[in-house]
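Here the sequence shown stands for residues 1 to 125, where the numbers follow my numbering. Here a beta-carbon is modelled for each residue, glycine too, at the ideal position from N, C-alpha and C.
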Amino acid sequence: LIGQVGKQCAAIMKIIWNYRKSDSDYELKTRLEIFREIKSSHKDQFVVGAFTACEKQLVLSEEADSIEEIVNDEYHRNEGNLTKRACFDAIKDDLPSSFNDKAKNVYSSRLAFEEERDDQNLIFD
């Protein structure tokens, strides 16, 4: 995201983060649920495009979370004999059609970040 929409989307995400930190029931709500709760009270502060961009990001993030749960189940079913990447590669084409390619890419990016972090930990530990 770039320009005004990107900056405003980041500001909305910060509001969501602060809301989660201040709400004792935050763990029971997803970021998307919080977004939908606060959207109307902040509608005059942000352009419509910022809300749209945030909602799209949050939906993709929740879909990636769901994919992660499926991959973790597969990982544990294989008793850790496969990496999470191998588990994802084995099941990604068989995921329900409700998971679009963007959600798969978001999850794949998370895996890449996790793998890179693990590699760095091996190097510097």
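Contact check, phenylalanine 88 vs valine 71, beta carbons under 7 Å | yes
Can you find at least 3 beta carbon pairs, one from the segment 90-109 and one from the segment 57-71, that sit closer than 8 Å?
-> yes
Between the segment 41-60 and the segment 1-19, are three or more C-beta pairs nearer than 8 Å?
-> yes
If you draw a straight line from the alpha carbon of serine 22 to that of threonine 52, how long is it in whole angstroms?
-> 25 Å
Where aspartate 118 and alanine 50 are concerned, what is the direct C-alpha to C-alpha distance, given to the nearest angstrom?
-> 34 Å
Hey, would you say leucine 58 sits closer than 7 Å to arginine 31, going by beta carbons?
-> yes
In three-state terms, what does DSSP make of asparagine 78?
-> coil
Given tyrosine 19 as reference, the closest of Pro96, Glu33, Gly6 and Asp93 once Cα atoms are compared | Glu33
Ends of the alpha helix (DSSP H) at leucine 32?
-> 31-38
How big is the Cα-Cα spacing for histidine 76 and glycine 3?
-> 43 Å
Proximal residues to glutamate 74 (C-beta, below 6 Å), its chain only, five neighbours per side dropped | Cys87 and Ile91
Backbone secondary structure at aspartate 65 - three-state DSSP | helix
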